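Asker: Please find one structure pasted underneath; my questions will follow.
Here it is as structure tokens:
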């Protein structure tokens, strides 16, 4: 069994799940992704610029808002929301440009628009809430926390700081593919060339699974995440130092070293933070393995 280690070298008070036992990652096990969300009603909230943001609620207990990363919609986080709903009310929302949320205006997009989206969801919760954010969603949540968006505790999984920057040519190609409805090309460009977390073999595998169709519905969101990967790759030291809430920084030990190292730097700069390394895992967040750590952290 792998050892998940906090920044102080001690294991959290959870039972570790080995990579072989888990398989509940964001596309780490395709059979677990896009699990049935049941009859949960779709709810909506308007962000500051008028964009409609869609969300669903799971369970009961202290609230947790889940923020997805690149090519993540809320359906993909059904396993995490289901596990955590045993002790928490999980607000699982679609970031703009994916799922049932609107795209907004790409020409006026800044990361602040997505901070406003998160703030709108937190406001509709109606009470102080925890936040868990995956990948680029973590970059949004960090800006939000540093700028006073209210939350109780913040959990992060591998915000991809220090990774390879999006090129202007890639951004132009994404805009063109989106405008022309060339969904497969947009997804391939983003997943393989912009973020670099899949290769040609993986893409062939994905094309045989329903997740590929879901990816193609999210092509508009790839432009926003590509902008994040162009404009926000430096670890934001001043913002990290302003985060006022306890923060858990989670990382795998089997992914990109630059992101692995960036997570350590984040934990060094946030005043009240812990670094948790999950051995045997990579950049794709494993929901079954990660959920116990988040639940323990949010329960303190």
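Numbering (the working numbering), first residue to last: 2 to 301.
Cβ atoms here follow ideal geometry from the backbone N, Cα and C, with glycine treated the same way.
Keep in mind it's a predicted model, so treat the numbers as computed, not measured.
#1: Report yes or no: do the segment 175-185 and the segment 260-267 share at least 3 C-beta pairs separated by less than 8 Å?
#2: Pull up the distance between the alpha-carbon of residue 66 and that of residue 55, whole angstroms please.
#3: When you compare each of 290, 62, 283, 48 to residue 160 by their alpha carbons, which one comes out closest?
#4: Could you round the C-beta distance between residue 292 and residue 81 to whole angstroms and report it? I think they count as a contact, below 8 Å.
#5: Skipping 5 residues on each side, what residues in its chain have a beta carbon closer than 7 Å to that of residue 238?
#6: Quick check on DSSP: helix, strand or coil for residue 77?
#7: Start and end of the beta strand (DSSP E) containing residue 249?
#8: Counting only the same chain and skipping the five closest in sequence on each side, list residues whose C-beta sits under 6 Å from that of residue 115.
#9: For residue 272 and residue 186, I'd like the C-alpha separation in whole angstroms.
#10: Can you tell me whether residue 205 is buried or exposed? The criterion is at least 16 other CB atoms within 10 Å of its CB, across all chains shown.
#11: For the candidate residues 113, 153, 139, 240, whose alpha-carbon lies nearest to that of residue 299?
#12: In the DSSP assignment, the alpha helix (DSSP H) including residue 93 goes from what residue to what residue?
#13: To the nearest angstrom, report how far apart residue 106 and residue 158 are at their CA atoms.
#14: By the three-class DSSP mapping on this structure, what secondary structure does residue 230 have?
#15: Following the continuous alpha helix (DSSP H) through residue 266, name the residue where it begins and the one where it ends.
Answerer: Taking the geometry as given:
#1: no
#2: 12 Å
#3: 283
#4: 6 Å
#5: 270
#6: helix
#7: 248-253
#8: 141
#9: 42 Å
#10: exposed
#11: 153
#12: Note, residue 93: premise wrong, no alpha helix (DSSP H); beta strand (DSSP E) at 90-94.
#13: 28 Å
#14: helix
#15: 258-270
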